[in-house]
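Q: Residue numbers (our numbering): 374 to 804. A virtual CB, placed ideally from N, CA and C, is assigned to each residue, including glycine. A quick note: this is a predicted structure, and the numbers were derived from the prediction, not measured.
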Amino acid sequence: MKTWVKYAVAGLATAAASLGVAVPAQAAEPLFQLPFPCGQTWHGNNPDSSAHVTPWEIDFNRGDDLGSPVLAAAAGTVETAANQGSANGYGNLVKIGHGSSGYFTYYAHLRDMAVSAGDTVAQGQLIGHVGNTSKPGNDIQPHLHYEVRHGSPYPDNIQPAVFGGTRFPYPAGDVTSKNCGGGAHGAAKSINGDQYDDAVGIDGDGVAWVYPGTSGGGFGAATKLGPGWSGFSRIGIADSNADGWADLFAVKAGTLYYWNNRGDGTFSPAVTVGPGWSSMEWISFADVNGDGKADILARDGGNMYLYIGKGGGSFAERSLVGAGWASLARHTAADADADGDGDIWATNAAGELYFWERSSSGFATAVQVGTGWNAFRQVVSMDVNGDNKADLVAIKTSDNTLWQWLGTGSGTFGQATPIGNGWADHTLAVN
374 MKTWVKYAVA GLATAAASLG VAVPAQAAEP LFQLPFPCGQ TWHGNNPDSS
424 AHVTPWEIDF NRGDDLGSPV LAAAAGTVET AANQGSANGY GNLVKIGHGS
474 SGYFTYYAHL RDMAVSAGDT VAQGQLIGHV GNTSKPGNDI QPHLHYEVRH
524 GSPYPDNIQP AVFGGTRFPY PAGDVTSKNC GGGAHGAAKS INGDQYDDAV
574 GIDGDGVAWV YPGTSGGGFG AATKLGPGWS GFSRIGIADS NADGWADLFA
624 VKAGTLYYWN NRGDGTFSPA VTVGPGWSSM EWISFADVNG DGKADILARD
674 GGNMYLYIGK GGGSFAERSL VGAGWASLAR HTAADADADG DGDIWATNAA
724 GELYFWERSS SGFATAVQVG TGWNAFRQVV SMDVNGDNKA DLVAIKTSDN
774 TLWQWLGTGS GTFGQATPIG NGWADHTLAV N
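Next comes the structure, spelled out in structure tokens:
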């Protein structure tokens, strides 16, 4: 019957065309990406669930995945973000409509939802976390149930899933995410797993504090991370293992250490990355190559070096980015334009701010994007407002106020905005 309908529709279209009647084409399918952070590999399966009613629904798993971030597969508007109760087995469900294309994506069994109905979301924006919610009486294991729908009626409107232009290898297979432009964007810098990057500050007593990013920019009330940070320098925030949770790095007595974010508000004990970091004038942590794992950019004398992250706090041997960096007082790295690659900003002694855009062929020639930066210290890049464009945060030396500059997506920034005071004895973690 379905075959007959397919050819009947095709015949009607041909007949209409012969009569000079315009036949609207089906809108192009959005370029969907895997709904997980950049660089993560997930196993998808259709046949294993007796609840599936078509060959196209997918259940995704990845080891101990309860609480793993779930991202929007494409930009759109949230149509539903609610627990489905007894209506069906979806549990906590987010449904996103993808504009005039007529496509919808479904994300089911979520532990929690980070969006509300009516919200506009970007591709890669956090929408929730993997869970095992369902209707009352259903006892299921944690996983993400994913569907793509177009048209009606159900269930014939469920479509084969395509990620990055490649159809999912039904009935089952492993897929690596290229969802590198969203709120978990690059190597995530969110301590609490939402779509807003957070800041970490160390006070004069060696106590670390987390300042959560908020939707309008700026930071919420600080929460105490813990004491014992006196003597540590070059403290960094970035996701080393592509799980969507920002980890911590810091140098003490020339040795670099790594703390894994467990995703529950705690960190694992410190792991030694390696010695020999005392000669580095400055260090930045960012996902330079777009694989979702934090890399390191470090200046040793006048040379800039890149250490590609391998996950779990480990890094490959360094490679030379370039020479001539000795005159640049500070630098920071993050993704300016949501292409998945880490870009660089640096200031010179005159307070001029320069930008190096990263692409698959390396870093472009520097472009000046600002002046007056010698009035500020501790310049840090992060996506403060969750729009997938790197912003800058800095402390003003004269009065120890905290300021932010929201990114435009091209390496430049909007007007400076004060967002806090009392930072006299605080050191911001670098990014």
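Cβ of D660 within 7 angstroms of any heavy atom in the ligand MN?
A: As far as ligands go, the structure on display features none, and thus does not contain the ligand MN.
Q: Enumerate, from N- to C-terminal direction, the unbroken beta strand (DSSP E) stretches of 3 or more residues contained entirely within the segment 433 to 502.
A: As far as the segment 433 to 502 is concerned, its whole beta strand (DSSP E) runs of at least 3 residues are 442 to 444, 449 to 456, 465 to 470, 476 to 481 and 499 to 502.
Q: Please list, in chain order, all residues of the same chain as G793 whose beta carbon is under 6 angstroms from its beta carbon, the five residues on each side excluded.
A: Cβ neighbours of G793 beyond the five flanking positions: L775.
Q: Beta carbon of F433, beta carbon of L517: below 8 angstroms?
A: Cβ distance < 8 angstroms, so F433 and L517 count as in contact.
Q: So if DSSP puts I531 in a beta bridge, which residue, or which two residues, is it bridged to?
A: Paired residue(s): R522.
Q: What number of angstroms, rounded off, separates the C-alpha of A722 from the C-alpha of N747?
A: Going by the C-alpha atoms only, they are around 7 angstroms apart.
Q: Nearest by alpha-carbon distance to W796: which of G782, W778, E430 and N773 is it?
A: Here the closest residue by C-alpha is N773.
Q: What are the complete beta strand (DSSP E) segments, minimum 3 residues, inside the segment 618 to 670?
A: Counting whole runs of 3 or more residues, the segment 618 to 670 contains the beta strand (DSSP E) stretches 620 to 625, 628 to 632, 644 to 647 and 655 to 659.
Q: Quick check on D637: buried or exposed, where buried means 16 or more other Cβ atoms within 10 Å of its Cβ?
A: Its Cβ having fewer than 16 others within 10 Å, D637 is exposed.
Q: Where does A424 sit, in a helix, a strand or coil, going by DSSP?
A: In the structure shown, A424 sits in coil (DSSP, three-state: anything other than H, G, I, E or B).
Q: Sorted by chain position, which residues of the same chain lie with C-beta nearer than 6 angstroms to R672's C-beta, five sequence neighbours on each side aside?
A: Here the set comprises E654, W655 and W698.
Q: Helix, strand or coil for N773, going by three-state DSSP, please let me know.
A: In the structure shown, N773 sits in coil (DSSP, three-state: anything other than H, G, I, E or B).
Q: How many Å lie between Y543 and A446 at the Cα?
A: Each residue's Cα considered, the two are about 18 angstroms apart.
Q: Can you find the residues in the same chain that come closer than 7 angstroms, C-beta to C-beta, to T587, ignoring five residues on each side of it along the sequence?
A: Excluding positions up to five away in sequence, the list reads Y569 and G593.
Q: Specify, as a first and last residue, the run of the beta strand (DSSP E) that L693 falls within.
A: Looking at the DSSP string, the run of the beta strand (DSSP E) that includes L693 is S692 to G695.
Q: Is it buried or exposed, K597, if we count other Cβ atoms within 10 angstroms and call 16 or more buried?
A: The residue is exposed, with fewer than 16 neighbouring Cβ atoms inside 10 Å.
Q: DSSP puts L679 in a beta bridge; with which residues?
A: DSSP, once it has assigned bridges, lists L670 and S692 as partnering L679.
Q: So D708 and G784 are in contact, right, with Cβ under 8 angstroms, and what is the actual spacing, rounded?
A: The pair is not a contact, with the Cβ atoms about 11 angstroms apart (cut-off 8 angstroms).
Q: Would Y480 be called buried (16 or more neighbouring beta carbons within 10 Å of its own) or exposed?
A: So Y480 ends up on the buried side.
Q: How about the segment 450 to 458 and the segment 481 to 493: do they share at least three Cβ pairs that are nearer than 8 angstroms?
A: Yes: at least three Cβ pairs fall under 8 angstroms.
Q: Less than 7 angstroms between C-beta atoms, sequence neighbours within five positions excluded: which residues of the same chain meet that for D769?
A: Checking the displayed sequence, the identity of residue 769 turns out to be Lys instead of Asp. Here the set comprises A748, F749 and W776.
Q: Considering S746, what are the terminal residues of the beta strand (DSSP E) in which it resides?
A: Going by the sequence as given, residue 746 is Trp instead of Ser. Unbroken run through W746: none, as it is neither H nor E.
Q: Tell me which same chain residues have a C-beta within less than 6 angstroms of the C-beta of P791, skipping the five on either side of it?
A: The answer, listed in chain order, is T774 and W776.
Q: Return the CA-CA distance between Q741 and L726, expressed in angstroms with no decimal places.
A: C-alpha separation (whole angstroms): 6 angstroms.
Q: Can we say the segment 522 to 532 touches the segment 424 to 433, given the rule of at least three CB pairs closer than 8 angstroms?
A: The segment 522 to 532 vs the segment 424 to 433: in contact.
Q: DSSP three-state label for K597, please.
A: Strand.
Q: Under DSSP, the beta strand (DSSP E) around V580 begins and ends at which residues?
A: No beta strand (DSSP E) holds V580; DSSP gives it neither H nor E.
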